[in-house]
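For the sequence shown, the residue numbers in the numbering used here are 15 to 197.
Ideal Cβ positions, reconstructed from N, Cα and C, are used throughout, including at glycine.
Since we're looking at a predicted model, the values are computed, not measured.
Report on one structure; see the data block that follows.
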Amino acid sequence: MKIYTKTGDKGFTSLIGGTRVAKHHIRIESYGTVDELNSYIGLIADQDIADHDKQILKQVQDRLFTIGSSLAADPEKSKMIIPDLHMEDIELLEKEMDTMNLTIPELRHFILPGGSNTISYCHIARCVCRRAERITVHLAENSKMDEKVNIYLNRLSDYLFTLARKIANDNKIPENQWIPRIR
């Protein structure tokens, strides 16, 4: 299989199902942003973090590919069987956050990104996740979409924030608290 097809040279691409759309179409933007997020998740998993966290991130990457497949399919024309999300996928993120919250200090301040590369990568991924969520919420206003996609992305951004805090705690790195300057 060739990597280049030349079919997108004029600014259009095909959805699963054959529909041609502009590369700036919101559906393309949505799964492109999910793909970007998946790359950042891989970067976090490549860091020196707990094996359990690496395993969870591997599952997250799989779910993001599932989401990307769903977003890349034309809901009106695709006949391809696409993997789907389950409520258990969302519940896993919630369970992981609940477990992490048992070991980290109570949140009393806003946290500024930083402290280590790994912590910063978590915050970058969180921001990209929030952008993916904003785009998919917009897409859902005009197109049929699995509502679990937006729920998953919402939960994942919270998970990434909590993971950043856990990594700081595990490595005894003080959180970069935002203390507002008030005159």
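{"Query": "Check whether residue 98 and residue 31 have beta carbons under 7 Å apart", "Result": "no"}
{"Query": "Burial state of residue 53 (16 or more Cβ within 10 Å)", "Result": "exposed"}
{"Query": "Residue from 67, 185, 181 and 126 whose Cα sits closest to the Cα of residue 193", "Result": "126"}
{"Query": "contact_flag[the region 129-146, the region 169-187] where n(CB pairs < 8 Å) is 3 or more", "Result": "yes"}
{"Query": "Coarse secondary structure for residue 73, derived from DSSP in three states", "Result": "helix"}
{"Query": "Residue range of the unbroken beta strand (DSSP E) whose run includes residue 27", "Result": "26-28"}
{"Query": "Closest residue to residue 45 among 15, 86 and 74 (Cα-Cα distance)", "Result": "86"}
{"Query": "Residue burial classification, residue 137 (beta-carbon count within 10 angstroms, cutoff 16)", "Result": "buried"}
{"Query": "Whether residue 78 touches residue 48 by CB criterion (7 Å)", "Result": "yes"}
{"Query": "Residue 55, DSSP secondary structure in three states", "Result": "helix"}
{"Query": "Contact belief for residue 166 with residue 112 at Cβ below 8 Å, rounded distance in angstroms", "Result": "Not confirmed; about 17 Å, so no contact."}
{"Query": "Endpoints, alpha helix (DSSP H) assigned at residue 114", "Result": "101-115"}
{"Query": "Nearest-angstrom Cα separation, counted from residue 191 out to residue 124", "Result": "6 Å"}
{"Query": "Residues bridged to residue 175 (per DSSP)", "Result": "According to DSSP, which records beta bridges pairwise, residue 175 is partnered with nothing at all."}
{"Query": "Residues that residue 145 bridges to, as DSSP identifies them", "Result": "According to DSSP, which records beta bridges pairwise, residue 145 is partnered with nothing at all."}
{"Query": "Closer than 6 Å: residue 164 CB and nearest the ligand GDP heavy atom", "Result": "No copy of the ligand GDP occurs in the structure displayed, which carries no ligand at all."}
{"Query": "Close Cβ partners of residue 153 (< 7 Å) along its chain, the five nearest in sequence each way excluded", "Result": "40, 41, 44 and 159"}
{"Query": "Residue from 161, 96 and 178 whose Cα sits closest to the Cα of residue 121", "Result": "178"}
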